[in-house]
Amino acid sequence: MSAQEWLAIGPLLAVFALAMLAVVLDIARPGRDRLVTGVMVVGLLGAIALTGYTAWYFGGGEVEVFGGAYVRDALTSFLDLLFLSIALLTILFSPDYLHPRRLPMAEYASTLMFAISGAMLLGAARDLLVLFLALELLVLPGYMLAGYAKRDGLSTEGAIKYFLLGSFSSAIFLFGLALVWGFAGSTRIPEVAAVLTSLDGAVSLTPALTMGLALLTAGVAFKIAAVPFHYWTPDAYQGSPTPVTGYLSVGPKVAAFALILRLFVDALAPLKADWVPFIVVLAALTMTLGNLVALTQDNIKRMLAYSSIAHTGYILVGLAAYAAAPPGSDTERAGLEALLFYSAAYSFMNLGAFAVVTALQKRTGVTSQITTFAGLGRRAPLLGALMFLFLLSLTGIPPLAGFWAKAYVIIAAVQVDSPWLIGLAVLTVLNAAAAAFYYLRIAVVMYMGEPSEQTAPVQVGRLVSAGLVLSAVATILIGLVPGPVIAFAQEAARALL
Amino acid sequence: MSQSLDAYLVLASLLFCIGTFGFLARRNAIAMLMSIELMINAVNLVIVAFGAFTPELADRASVIALIVMAVAAAEATVGLAIVIAIYRNRRTPLVDEYHSMRE
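For the protein sequence lines, the chains are A and B, in the order given.
End of the first sequence sits at 730 in the working numbering; the numbers just go up one at a time, nothing left out.
End of the second sequence sits at 268 in the working numbering; the numbers just go up one at a time, nothing left out.
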C-alpha cells in the first residue's frame, strides 16, 4: 500500500487503535477510569485533526483503497468528522453518569470506539459486502452499549428489544443485498451502478430486483427508525443508560443515512424514480407520528426518542427531494446537501439536549420524568439556559442550527417541481410547528415549575461542562455562520453524484 | 441437484419466510434468535446458489457465505449474552413479560 492509501484510512485506523488501547489500558492499569477518559479524549482530538489534515491533503479528489472497497472522498471526510465529534461528545458526557453507578469506563470506551469505527467504515464503503460488515460493526456494539447497565432491568429490556428487532432487520437487509448482488453480478458499488444504468429503464424492474429493493428499503428503514419500522426505538432509548441514549439517537441514525447515501444514492441511483413514493410516504408518516406521540410523553428520554423519529422524517424529506429531482440537476444535489447539513446540525443539538439530561442524572436516583426539570431555570441557571438553547434549536428557531437545517430541507423539497414534494414541504412546516408544543413544554416546566422540596443542588462536572460548551458553540455557530458547513456538505454531495 | 436457479431461490425465500414467521409468532427470546439464524441461513443459500449458477460469481460466493456465517456467529454471541443478562433480572425468556416501560 502506498503512503497515500495509508493516509486515506488513517482516521479509521486511529479509532481502531483507540478501541484496542482502551482494553490494553484496562489490563495494565485496572479501574483507572479517568486515565482512560483522558486518553480517549486526546486520541479523538488527534483523530479529528488527522481527518481534517486528510481532507485538506486530498482536497476534492478521491483515493480508493483495498481495490476500491474503501474510498476517501469529501463525503467520507464529512462523515468521519461528524462521527468523531459524536464520539468525543459522548465520551465527555459519560463518566459522570457511569462512575456513580459503578459501571466500568474502559469497556464502555472500547465498545463505543468499535461502534464509531463501524460508522466511519460505513461512510466510506464502496462494496456491498463491506457495507454489510460495517453495518454489523456499527450495530453489534450498539446492542452491548444499550444493555451496559446489566443489573438494571430497564437497560437489559431495552437492549433485548433493540437486539431482536435490529438483527431481524439486518437479516432482511442482507437478503435484499444478496438479491441485488446476484442480479448485478458484482459487489462493487460502481459496477452495480453500471449494470443498472445499462438497463436504462428498458427492463426497469425484474421481480427479483423489486424484491431486493423492497427488502433493502425495509432493512434501512428499521435502522433509521422510520415509521412503521420504529417500534424498538422508544424502549431502547428509554432503557439505555442516558449517555448511550444520546449516542444511539445520533450515531447509528446518521450512520444509517450514510448507508443510504452509499447504497441507494451511489449504487441504486438508476432506480431512484421508482423509489420516490415510498420515501415520500415514509417521510410523511415518520415525522407526523413521531411528533404526535412525542406530545403525550412524560418521560424526557422517551419524548426525545419520539422527537428523534420526527427528525428522521425531516431528514428523509431531503432524500425525497433528491430522489424526485431529475438526474444530474442542481435540485438533486440540493436534496443531498440538505440531508448532510441536517445530520450535522441535528447531531450537535440532540447530543446537547441529552447531555443536560445526563448532567442532571449524575446523582443516582434522579429519574427521567419531565418533572425533574422543574425549576431548573432557577436551581441551575446556566444548565437551564443551555437546555433552552438546545430545545429552541430542535424546534427550529432562527438563528440556531436547527432553523437552517429545516430551512434547507424545505427549500430543497420546494425546488423540485412535484406535487408530492410540495405537499411534503407543507407537512414539514406544520410538523415543525406542532413540535414546538412539546419542546417548549420542557422550557415551561424549567422556568415556571416549582422544584420539589428534596431536590439537591445540581453539580456539573468539568468534562460534561466542556462537552456542553462544545455542543452549544456548535449549535450557535452552525446557526450564525452556516457557510463553511454548507460548503463542506456541497463538496460531499458533489463527490457522490 | 436441480438445474434451475429459480428453484433454489424459491426454496431460500420459503426458508426466509419460515424464519420471519417464527420471529413474529414465537414469544421466547431464544426461539426468536433461532428464527433470525434461519433467515440468515436462507440468505446464505441464495448467495451459494448464485455462485453455483453464475460463473462470474463462483469464486466470490463462498467467501461471502463464509463471512456472513462469521457475522451471524458474532450476532448470536451478543444476542445470547443479552438474553442471559435479562434472564438474570427477570427469570423468564418470554418477551411478552418484558413490559416495564410504558407503551
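Even glycine gets a Cβ: it sits at the ideal position worked out from N, Cα and C.
Interface residues of chain B facing residue i [CB-CB closer than 7 Å]
{"i": "Gln471 (chain A)", "result": "Met266"}
{"i": "Gly386 (chain A)", "result": "Asn254, Arg255, Ser265"}
{"i": "Thr389 (chain A)", "result": "Ile247, Ala250, Ile251, Asn254"}
{"i": "Met377 (chain A)", "result": "Val243"}
{"i": "Lys383 (chain A)", "result": "Ala250"}
{"i": "Ala411 (chain A)", "result": "Val208, Val211, Ile212"}
{"i": "Leu362 (chain A)", "result": "Ile229, Ile232"}
Under 8 Å by beta carbon: chain A residues contacting residue i
{"i": "Arg225 (chain B)", "result": "Thr420"}
{"i": "Met234 (chain B)", "result": "Near Met234 (chain B) there are no residues of chain A at all, since even the closest Cβ is about 12 Å away, more than 8 Å."}
{"i": "Ala239 (chain B)", "result": "Glu369, Leu373"}
Residue nearest to residue i in terms of C-alpha spacing, selected from the options
{"i": "Ser704 (chain A)", "options": "A:Tyr290, A:Gly300, A:Ala578, A:Asp306", "result": "A:Ala578"}
{"i": "Leu552 (chain A)", "options": "A:Val599, A:Asn524, A:Leu496, A:Leu522", "result": "A:Leu496"}
{"i": "Ala469 (chain A)", "options": "A:Lys534, A:Ser419, A:Arg334", "result": "A:Lys534"}
{"i": "Gly292 (chain A)", "options": "A:Gln237, A:Tyr575, A:Leu569", "result": "A:Gln237"}
{"i": "Trp465 (chain A)", "options": "A:Ala538, A:Arg384, A:Ser685", "result": "A:Ala538"}
{"i": "Ala502 (chain A)", "options": "A:Phe455, A:Ala558, A:Val483, A:Gln692", "result": "A:Ala558"}
{"i": "Leu657 (chain A)", "options": "A:Gln723, A:Val513, A:Ile242", "result": "A:Val513"}
{"i": "Val509 (chain A)", "options": "A:Ala527, A:Val483, A:Tyr555", "result": "A:Tyr555"}
{"i": "Asn664 (chain A)", "options": "A:Ala646, A:Ala517, A:Ala707, A:Gly716", "result": "A:Ala517"}
{"i": "Thr270 (chain A)", "options": "A:Ala280, A:Tyr303, A:Thr323", "result": "A:Thr323"}
{"i": "Ser350 (chain A)", "options": "A:Arg384, A:Pro652, A:Ala247", "result": "A:Ala247"}
{"i": "Asp499 (chain A)", "options": "A:Leu627, A:Val526, A:Ile319, A:Leu569", "result": "A:Leu569"}
{"i": "Pro632 (chain A)", "options": "A:Gln723, A:Phe606, A:Leu710, A:Phe408", "result": "A:Leu710"}
{"i": "Asp266 (chain A)", "options": "A:Glu340, A:Arg359, A:Pro467", "result": "A:Glu340"}
{"i": "Leu522 (chain A)", "options": "A:Ala638, A:Ile542, A:Val697, A:Ile603", "result": "A:Ile542"}
{"i": "Phe581 (chain A)", "options": "A:Phe396, A:Ala638, A:Glu297, A:Leu410", "result": "A:Ala638"}
{"i": "Ser235 (chain A)", "options": "A:Val298, A:Leu627, A:Leu258", "result": "A:Val298"}
{"i": "Gly301 (chain A)", "options": "A:Leu364, A:Phe249, A:Leu312", "result": "A:Leu364"}
{"i": "Arg674 (chain A)", "options": "A:Tyr395, A:Leu398, A:Phe621, A:Pro715", "result": "A:Phe621"}
{"i": "Ala223 (chain B)", "options": "A:Phe455, A:Leu713, A:Thr420", "result": "A:Thr420"}
Chain-ordered chain B contacts of residue i [CB-CB under 9 Å]
{"i": "Ile393 (chain A)", "result": "Ala194, Gly244, Ile247, Val248, Ala250, Ile251, Val260, Tyr263"}
{"i": "Leu355 (chain A)", "result": "In chain order: nothing, as chain B lies at least about 14 Å away."}
{"i": "Gly479 (chain A)", "result": "Here the premise fails: no neighbours, minimum Cβ distance about 18 Å."}
Beta-carbon gap between residue i and residue j smaller than 8 Å
{"i": "Leu446 (chain A)", "j": "Leu504 (chain A)", "result": "yes"}
{"i": "Leu371 (chain A)", "j": "Pro476 (chain A)", "result": "no"}
{"i": "Gln648 (chain A)", "j": "Thr529 (chain A)", "result": "no"}
{"i": "Phe490 (chain A)", "j": "Ile548 (chain A)", "result": "yes"}
{"i": "Ser403 (chain A)", "j": "Gly356 (chain A)", "result": "no"}
{"i": "Ala640 (chain A)", "j": "Asn524 (chain A)", "result": "no"}
{"i": "Thr597 (chain A)", "j": "Pro244 (chain A)", "result": "no"}
{"i": "Leu616 (chain A)", "j": "Leu624 (chain A)", "result": "no"}
{"i": "Leu194 (chain B)", "j": "Ile393 (chain A)", "result": "Leu is not the amino acid found at residue 194 (chain B); the sequence shown has Ala there. For Ala194 (chain B) and Ile393 (chain A), yes; Cβs fall inside 8 Å."}
{"i": "Ser265 (chain B)", "j": "Gly635 (chain A)", "result": "no"}
{"i": "Met536 (chain A)", "j": "Tyr680 (chain A)", "result": "no"}
{"i": "Tyr290 (chain A)", "j": "Leu354 (chain A)", "result": "no"}
{"i": "Val693 (chain A)", "j": "Phe574 (chain A)", "result": "no"}
{"i": "Arg612 (chain A)", "j": "Pro560 (chain A)", "result": "no"}
{"i": "Pro474 (chain A)", "j": "Tyr330 (chain A)", "result": "yes"}
{"i": "Ile422 (chain A)", "j": "Arg335 (chain A)", "result": "no"}
{"i": "Ala320 (chain A)", "j": "Leu283 (chain A)", "result": "no"}
{"i": "Ala207 (chain B)", "j": "Gly244 (chain B)", "result": "no"}
{"i": "Leu268 (chain A)", "j": "Leu278 (chain A)", "result": "no"}
{"i": "Leu198 (chain B)", "j": "Ala241 (chain B)", "result": "yes"}
{"i": "Ser318 (chain A)", "j": "Ala288 (chain A)", "result": "no"}
{"i": "Ala726 (chain A)", "j": "Arg566 (chain A)", "result": "yes"}
Bridge partner(s) assigned by DSSP for residue i
{"i": "Gln602 (chain A)", "result": "A:Asn532"}
{"i": "Arg421 (chain A)", "result": "A:Asp360"}
{"i": "Asn193 (chain B)", "result": "B:Leu259"}
{"i": "Glu297 (chain A)", "result": "A:Val304"}
Under 7 Å by beta carbon: chain A residues contacting residue i
{"i": "Val197 (chain B)", "result": "Residue 197 (chain B) is actually Met in this sequence, not Val. Residues of chain A passing the Cβ test: Leu397."}
{"i": "Ile201 (chain B)", "result": "Ser400, Phe401, Ala404"}
{"i": "Phe188 (chain B)", "result": "Phe401"}
Under 9 Å by beta carbon: chain A residues contacting residue i
{"i": "Val175 (chain B)", "result": "In chain order: nothing, as chain A lies at least about 11 Å away."}
Chain-ordered neighbours of residue i on chain B, where CB pairs are closer than 8 Å
{"i": "Phe408 (chain A)", "result": "Phe181, Met204, Ala207, Val208, Val211"}
{"i": "Asp468 (chain A)", "result": "Met266"}
{"i": "Gln366 (chain A)", "result": "The displayed chain sequence assigns Leu, not Gln, to residue 366 (chain A). Correct list: Ile232, Val236."}
Secondary structure, beta strand (DSSP E): runs of 3+ residues fully inside the region 340-419 of chain A = none
task = Starting from the N-terminal side, write out each stretch of the alpha helix (DSSP H) that is 4 residues or longer and does not extend beyond the region 434-484 of chain A.
result = 440-457, 465-472
request  = Mind listing, in chain order, the continuous alpha helix (DSSP H) runs of no fewer than 4 residues lying wholly within the region 179-246 of chain B?
outcome  = 194-218
query = Hey, which unbroken runs of the alpha helix (DSSP H) at 4 residues or more fall wholly within the region 535-616 of chain A?
reply = 563-593, 609-612
ask   = Considering only residues of the region 259-299 of chain A, which uninterrupted beta strand (DSSP E) runs meet the minimum length of 3 residues and lie entirely inside it, listed in chain order?
value = 296-298
request  = Pick out the complete alpha helix (DSSP H) segments inside the region 622-688 of chain A, 4 residues or longer, and give them in chain order.
outcome  = 634-648, 652-681
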